[in-house]
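For the sequence shown, position 62 matches number 332 in this note's numbering, and the numbering has no gaps at all.
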Amino acid sequence: MKVVDRRGIVGELVSRLFQSPLERNRAFYQRYRELSRVIDEAPDDLNALVLRGELNLERGEHERAQADFDAAVALADALDDDKGWHVIEQVMRDRALYGLDVAREALRTAR
271 MKVVDRRGIV
281 GELVSRLFQS
291 PLERNRAFYQ
301 RYRELSRVID
311 EAPDDLNALV
321 LRGELNLERG
331 EHERAQADFD
341 AAVALADALD
351 DDKGWHVIEQ
361 VMRDRALYGL
371 DVAREALRTA
381 R
């Protein structure tokens, strides 16, 4: 007989929503380390750069976010037309451009 987790999806969602600050911090750094590992292994991974840039924005690390978004935009702009321009790349480029604007504005107002 299989034991069923009584928390289910709703319980999992509630536990993630009401994490302690320490749990949120650990989760952030776990995601950050994983994205950094992916970028180290595949520096041209547009998705990972954008996601890490967004994590940096979330933490107020605007210079790091700007660097990630700049790299992502450069990669997106260098996409070869022969490879095709897919929806995912367009969306991630748009997210990078938006994040770049947010990071630059935050840095400008901080001065």
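From the three backbone atoms N, C-alpha and C, an ideal C-beta is built for every residue, glycine too.
Of the listed residues the options, nearest to residue i (C-alpha basis)
{"i": "R365", "options": "A297, G330, A342", "result": "A342"}
{"i": "R334", "options": "P291, Q360, H356, G369", "result": "G369"}
{"i": "R378", "options": "H332, Q289, L367", "result": "H332"}
{"i": "A376", "options": "Q289, G330, A312", "result": "G330"}
{"i": "A344", "options": "R294, D314, V357", "result": "D314"}
Residue i - containing alpha helix (DSSP H), residue span
{"i": "R307", "result": "291-311"}
{"i": "D340", "result": "332-347"}
{"i": "R381", "result": "That residue, R381, is in no alpha helix (DSSP H); it is neither H nor E in DSSP."}
Beta-carbon proximity check, residue i vs residue j, cutoff 8 angstroms
{"i": "L305", "j": "A297", "result": "no"}
{"i": "L321", "j": "A346", "result": "no"}
{"i": "E359", "j": "L367", "result": "no"}
Q. Taking one C-beta from the region 317-326 and one from the region 337-346 each time, how about it: are there three or more such pairs within less than 8 angstroms?
A. yes
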